[in-house]
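To start, the structure itself, in structure tokens.
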Amino acid sequence: MKGDFKDLKDYKINLQRYEKEKSELRDTILPEFCPKFAEFMGALAGDGHITDQNNSYRVEFTLNGSEDKYYACFLADLFRELFHITPRIYGREGVNRVDIKFIQRKSLVFWISSSLTAKKNL
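Numbering (the working numbering) for the sequence shown: 916 to 1037.
Pasting the structure below:
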């Protein structure tokens, strides 16, 4: 059936650019392109960012500590469901903020190679 997820090649993902990390993708659980993954990517676009400092790739979300408590739990559950990764959740004393973080190079290679970055001509 057209539109079914069969292989990453179906999405014209260019893994050649990331040849070094390609072998690492074998043991990574990659999510299907589905509504939950879209929810995750929307949260990443709105409240999150991806960083690469000293080859330590991180995904971080920063949320309001009082208004977004339930959403922080929702995002943590979404991480576990999509990637089988348990993120760290940090609350900061004296600051009304919650940070959700996880570090996994393999998943970030997937996102980068999926062309989920900003495009100039939309």
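Cβ atoms here follow ideal geometry from the backbone N, Cα and C, with glycine treated the same way.
The model shown is predicted, which means the values in this text are computed figures rather than measured ones.
Linking Arg1007 to Ser981 through their CA atoms gives a straight-line distance of about 12 Å. Residue pairing by DSSP places Ile1015 opposite Phe976, Ile1004 in a beta bridge. Sequence-distant Cβ neighbours of Leu993 in its own chain, meaning closer than 6 Å and more than five residues away, are Phe955. Apart from the 5 residues on each side of it in sequence, Thr977 sits with its Cβ closer than 7 Å to the Cβ of Asp962, Arg1012, Asp1014 in its chain, given in chain order. Per DSSP, the beta bridge partners of Gly963 are Phe976. In this structure, Thr1001 sits away from Phe989, with a CB-CB distance that is not shorter than 9 Å.
Here the alpha carbons of Glu975 and Leu959 stand approximately 8 Å from one another. Within the model, the alpha-carbon separation for Leu997 versus Lys951 is close to 8 Å.
By the neighbour-count criterion, in which a residue is buried when 16 or more other Cβ atoms sit within 10 angstroms of its Cβ, Asp983 is buried. If the five residues before and after Thr966 are omitted, its C-beta is found closer than 6 Å to the C-beta atoms of Arg973, all from its own chain and listed in chain order. Phe948 sits in coil when the DSSP states are folded into three classes, being neither helix nor strand.
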